[in-house]
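Novice: With the sequence shown counted from 1, adding 6 to any position gets you the working numbering.
Dropping a structure here in structure tokens format, bear with me for questions.
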Amino acid sequence: MRTALEQKGYRIVLGNSPLCDIWLRSGVPTRQKVDELGANYTELAESTLVGVISFLRASTDYRGQAIKPGAYTMRYGLLPNDGNHLGAAPSRDFLLLIPVAADKNVDAQFKFEELVKLSKMASGTGHPAPLSLVYPEGQKDAPTLIENDQGHVVFVTKVKTRSGSEMPLWLVVKGVTDH
């Protein structure tokens with residue numbers, strides 16, 4: 007896993023206390039953008055490994071579920087477009103957390119059900135452990151932390167793709183949905 011990540015990581019500090027460390031994948035595989043209702047990051051195929059996050063202290067995911075300190079892979083997933091999740095987030099784009107010990111193959115492509123099952127290991131509940139991706143708008147400086155209009159702390163960065171280009175990535179590292 008370590009060899010698939012960029013050598014330089016990012017420490018997210020809130021106040022005077024470190025929350026997490028993030029290492030992005032070196033050369034994230036992308037595809038041509040597809041038209042997917044409510045999704046912004048459609049150049050990522052579902053279950054693509056985007057990076058690893060290591061929580062240095064207890065935290066919560068976007069649903070408010072407890073996440074224990076430790077290392078987790080972050081894989082791209084889409085919130086189901088089935089009506090049950092209507093209004094749960096500004097977009098359908100998420101990075102699902104999976105304990106690193108359960109996710110050893112960086113190039114693995116999981117079906118949605120498999121991805122959810124693995125992510126439930128991170129939350130320890132009947133739901134996966136999501137971190138929300140929000141639409142990248144207006145911010146030109148990266149990497150940085152911003153607070154969005156919902157009061158969520160967003161890590162603004164760019165990931166390097168396999169094709170050599172850069173793709174903006176806005177990840178909510180602290181914030182919980184209202185729904």
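Cβ atoms here follow ideal geometry from the backbone N, Cα and C, with glycine treated the same way.
Here's the rule I'm using: 16 or more other beta-carbon atoms within 10 Å means buried, otherwise exposed. How should residue 19 be labelled?
Specialist: exposed
Novice: Flag this pair as yes or no: are the beta carbons of residue 70 and residue 105 separated by less than 8 Å?
Specialist: no
Novice: Between residue 101 and the ligand MG, is there a pair consisting of the residue's CB and a ligand heavy atom that are separated by less than 7 Å?
Specialist: This structure simply doesn't include the ligand MG, nor any ligand for that matter.
Novice: With which residues is residue 79 paired in a DSSP beta bridge?
Specialist: 58 and 104
Novice: Roughly how many whole angstroms lie between the Cα atoms of residue 139 and residue 38?
Specialist: Approximately 19 Å between the Cα atoms of the pair.
Novice: Where residue 53 and residue 122 are concerned, what is the direct C-alpha to C-alpha distance, given to the nearest angstrom?
Specialist: The alpha-carbon atoms of residue 53 and residue 122 are separated by roughly 10 Å.
Novice: Below 8 Å on the Cβ atoms is my guess for residue 11 versus residue 30; work out the distance and round it to an integer in Å.
Specialist: 7 Å
Novice: Rounded to a whole number of angstroms, what is the C-alpha to C-alpha distance between residue 91 and residue 131?
Specialist: At residue 91, the pLDDT of 45 sits below 50, so the modelled position is not reliable and the matter cannot be decided from this model.
Novice: When the Cα of residue 170 is compared with those of 16, 34, 13 and 27, which residue comes out closest?
Specialist: 34
Novice: Grab me the residues of residue 141's own chain with a C-beta within less than 8 Å of its C-beta, minus the 5 sequence neighbours each way, in chain order.
Specialist: 46, 96, 97 and 176
Novice: Please confirm whether residue 78 and residue 58 have their CB atoms less than 8 Å apart.
Specialist: The Cβ atoms of residue 78 and residue 58 lie closer than 8 Å to each other.
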